[in-house]
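Let me begin by presenting the structure, written as structure tokens, before commenting on it.
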Amino acid sequence: MTMALDGVEVVAGGRRILGPVSFDLEPGSLTAVVGPNGAGKSTLVRAMSGERRLTAGNVRLHGEEVGQTSPGLLAARRAVLPQATTIAFPFTVFEIVGLGLRTRPGLTAARRRAIVAEALAAVDLGDFGPRPYPQLSGGEKQRVQLARVLCQIGAPVEDGRSKLLILDEPTSSLDVRHQIDVLAIARRFADEGGTVVAVLHDLNLAAGFSDRMIVLDSGLVVADGDPAELLPSDVLPRTFGAKMAVLHPPGWRSPVVLPEILGRARVDQRPRSGSPG
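What the sequence shown shows, in the numbering used here, is residues 48 to 324, in sequence order.
Structure (structure tokens):
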């Protein structure tokens with residue numbers, strides 16, 4: 048087991064915003080966390096990463112309490128991609144990505160350059176190294192931060208221990224192609240023995256890349272299981288408060304859900320302008 052959450056609760060302003068939540072994360076798995084706005088997903092991410100003080104319960108990474116683990120050791124065992132990272136200083140892309148290597152001392156300058164270049168190539172930014180980070184688009188910045196996280200975490204498994212990637216909405220600013228590319232990177236990390244948990248809004252992408260889907264609502268886990276079983280159930284329409292049409296494309300591992308927009312999810316039968324009838 049890579050990480051275990053046991054009775055985790057977070058209270059803020061006298062209101063419980065998370066919990067109690069309990070679940071485990073296993074090596075080789077990619078877990079998608081989905082839920083409506085305000086469900087507590089980002090609070091869950093901060094609780095797992097050790098950035099949020101818990102009101103009750105505990106989070107353990109390889110059996111050790113996250114809150115009692117030194118920042119340096121945590122950084123070597125788990126990496127976190129936040130929703131957004133604001134950097135006002137004119138660092139280059141290469142410098143930003145290189146910050147991830149602070150957890151890996153002893154590398155030669157040549158090796159550091161090679162690792163950064165490899166990470167940038169992985170996120171399709173191979174020639175962006177000299178560019179000023181503040182001048183990038185939102186999607187480009189998001190991919191730069193993923194490259195930094197990949198440099199930080201290194202190999203998916205080290206000394207027999209699965210490393211943990213925590214991704215908070217890693218595709219929120221990306222076009223369709225790069226959404227797929229980023230989740231393919233996460234999937235490959237898990238397939239090579241790492242552990243991934245990702246907050247995602249696109250239910251179909253979540254189902255397509257994850258082994259497991261956790262549905263969060265009002266700070267509680269309302270469903271936890273195989274995406275192929277959760278998508279056609281009534282859990283998601285109930286949780287999101289939206290009707291959804293379920294499609295079953297031939298040969299696909301899981302079904303596809305589409306929101307029913309004003310009752311027009313399948314076919315708009317109205318005559319189009321200029322059409323007969």
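The beta carbon of each residue, even a glycine, is placed where N, CA and C say it ideally should be.
Whole-angstrom distance between Gly82 and Lys210, CA atom to CA atom: 25 Å
Cα-Cα separation between Glu142 and Val127, rounded to whole angstroms: 18 Å
Best match in Ser117, Leu154 and Gly240 for proximity to Ala202 [C-alpha to C-alpha]: Gly240
Range of the contiguous beta strand (DSSP E) that encloses Ile134: Here Ile134 belongs to no beta strand (DSSP E), and DSSP marks it neither H nor E.
Extent of the continuous beta strand (DSSP E) run through Thr55: Thr is not the amino acid found at residue 55; the sequence shown has Val there. Run containing Val55: Met50 to Ala59, per the beta strand (DSSP E) assignment.
Between the CA atoms of Asp249 and Lys290 - distance to the nearest angstrom: 15 Å
Residues bridged to Leu294 [DSSP beta-bridge criterion]: Val303
Close Cβ partners of Pro137 (< 8 Å) along its chain, the five nearest in sequence each way excluded: Pro179, Tyr180 and Pro181
Residue span of the beta strand (DSSP E) that contains Ser328, given as start and end: The structure shown does not extend to residue 328, since the chain is modelled only from 48 through 324, so no value can be given for it.
Nearest residue (CA-CA) to Gly60, options Thr102, Ser184 and Glu307: Thr102
Inter-residue spacing [alpha-carbon to alpha-carbon] between Val68 and Leu267: 6 Å
Burial state of Ile308, where buried means 16 or more other Cβ atoms lie within 10 Å: exposed
Those residues which DSSP pairs with Thr286 across a bridge: Its beta-bridge partners do not exist; DSSP assigns none.
For Pro296 and Leu77, the rounded distance between their alpha carbons: 23 Å
Residue range of the alpha helix (DSSP H) that includes Pro118: Pro118 to Arg124
Residue environment, Gly324, which counts as buried when at least 16 other CB atoms sit within 10 Å: Annotation note: pLDDT 49 at Gly324 (below 50); position unreliable, coordinate value reported separately. Counting Cβ neighbours within 10 Å, Gly324 comes out exposed, since fewer than 16 surround it.
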